[in-house]
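The next block holds one structure in the form of structure tokens; read it before the comments.
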Amino acid sequence: NAGVTQTPKFQVLKTGQSMTLQCAQDMNHNSMYWYRQDPGMGLRLIYYSASEGTTDKGEVPNGYNVSRLNKREFSLRLESAAPSQTSVYFCASSENRGERETQYFGPGTRLLVL
Amino acid sequence: AQSVTQLDSHVSVSEGTPVLLRCNYSSSYSPSLFWYVQHPNKGLQLLLKYTSAATLVKGINGFEAEFKKSETSFHLTKPSAHMSDAAEYFCVVSEGGSARQLTFGSGTQLTVLP
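Residue numbers (our numbering), protein chains in the order written: chain V, 1 to 114; chain U, 1001 to 1114.
Below is the structure:
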């Protein structure tokens, strides 16, 4: 049981390049999330998916797109990377048990945009 | 609207001495509260959570936290620090318990001195 996995672990991009961050979970969770973590700011929600086939914007969605490919996988795409998107990106998943959900996080992807 | 404030950005303790990481929250509804730990270059791991049951919550690795509604606080404590406790700790609040509405604190970096 691997939990939440993310690829790649590290990535360096040039401004304007595109890339997709991959996330998968094997806990049969319905909900999945993408966050970015910046120094002194905690984690901020980019997008989330309550179930397969649905996605919704979080707090900071600009410059990103997501795809919920199936129940296991939730990818985050940067179409045209900008230096402001240099960050650590975390994927998470949770069970839908009405209230009091708990999230489980992946190890993160460290992205540097030059 | 909900918010969370971690009162110390850095805390330094000696090994074997008590740990206190402070967190105050603001919420219009009955909140869920969480503490997560993040070791260097790792993802976030759930330490404990409060979901309106017992106000004193015990977590993993000897940590516990007490929910004090009158003080709107959820401080994290441990009687005796271990070197392996050195990490960053995040206090998280969720109104109504939904994982889609998490608000993260800015984090407290715990250093444990030998």
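All C-beta atoms, glycine included, are put in the ideal place defined by N, C-alpha and C.
Is it right to say residue i is buried, meaning 16 or more other beta carbons lie within 10 angstroms of its own, or is it exposed?
i         : result
U/Gly1105 : buried
V/His29   : buried
V/Glu99   : Bear in mind that the predicted position of V/Glu99 carries a pLDDT of just 47, short of 50, making it too unreliable to give a figure here.
U/Thr1088 : The sequence given here has Glu at residue 1088 of chain U, not Thr. Buried, since its Cβ has 16 or more Cβ neighbours within 10 Å.
V/Arg36   : buried
U/Tyr1085 : A small fix is needed here, since residue 1085 of chain U is Asp in this sequence, not Tyr. Result: buried.
U/Val1004 : buried
U/Leu1020 : exposed
U/Tyr1029 : exposed
V/Ala82   : exposed
U/Leu1056 : exposed
U/Thr1017 : exposed
V/Leu114  : exposed
V/Thr54   : exposed
U/Leu1113 : exposed
Can you tell which of the options has the C-alpha that lies nearest to the C-alpha of residue i?
i         : options                                       : result
V/Gly40   : U/Phe1090, U/Tyr1050 and U/Leu1102            : U/Phe1090
V/Gly106  : U/Trp1035, U/Ser1094, U/Asn1041 and U/Leu1033 : U/Asn1041
U/Gly969  : U/Lys1068, U/Val1037, U/Ser1073 and U/Gln1109 : Chain U is shown only over 1001 to 1114; residue 969 of chain U falls outside these bounds and no answer can be derived.
U/Thr1072 : U/Val1013, U/Asp1008, U/Thr1055 and U/Tyr1025 : U/Tyr1025
V/Phe90   : V/Lys71, V/Asn62, V/Tyr33 and V/Thr55         : V/Tyr33
V/Gln17   : V/Lys57, V/Thr109, V/Leu78 and V/Leu45        : V/Leu78
V/Thr7    : V/Thr15, V/Met19 and V/Lys14                  : V/Met19
U/Lys1068 : U/Ser1032, U/Gln1109 and U/Gly1107            : U/Ser1032
V/Gly102  : U/Thr1077, U/Cys1023 and U/Thr1051            : In the sequence under discussion, the amino acid at residue 102 of chain V is Thr, which differs from the Gly named in the question. Here the closest residue by C-alpha is U/Thr1051.
V/Leu111  : V/Thr86, V/Ala2, V/Gly42 and V/Tyr48          : V/Thr86
U/Ala1053 : U/Ala1065, U/Leu1076, U/Leu1046 and U/His1010 : U/Ala1065
V/Val88   : V/Thr15, V/Gly3 and V/Gly42                   : V/Gly42
Could you list which residues in chain U have their beta carbon closer than 7 Å to that of residue i, in chain order?
i        : result
V/Met41  : Ser1106
V/Phe105 : Gly1043 and Leu1044
By the criterion of Cβ-Cβ separation under 7 Å, what are the contact partners of residue i in chain V?
i         : result
U/Lys1049 : Thr102
Which residues of chain U have a Cβ atom closer than 8 Å to the Cβ of residue i, listed in chain order?
i       : result
V/Phe90 : Gly1043 and Leu1044
Original post:
Quick one, which residues of the region 7–21 of chain V are near chain U if we go by CB-CB under 9 Å, in chain order?
Top reply: Lys9
**OP:** Anything in the region 1011–1045 of chain U with a Cβ closer than 7 Å to a Cβ of chain V? List those residues in chain order, please.
**Re:** Ser1032, Lys1042, Gly1043 and Leu1044
Original post:
When Cβ atoms are compared, which residues of the region 1048–1075 of chain U fall closer than 9 Å to chain V?
Top reply: Lys1049, Thr1051 and Ser1052
**OP:** Please list the segments of the beta strand (DSSP E) lying wholly inside the region 18–74 of chain V, counting only runs of 3 or more residues, in order along the chain.
**Re:** 19–25, 31–37, 43–49 and 65–68
Original post:
Looking at chain U, which residues of the region 47–71 of chain V have a Cβ within less than 7 Å of any of its Cβ atoms?
Top reply: Tyr48
Subject >> Complete beta strand (DSSP E) runs within the region 1054–1099 of chain U (minimum length 3 residues, chain order) >> reply: 1056–1058, 1064–1068, 1073–1078 and 1087–1095
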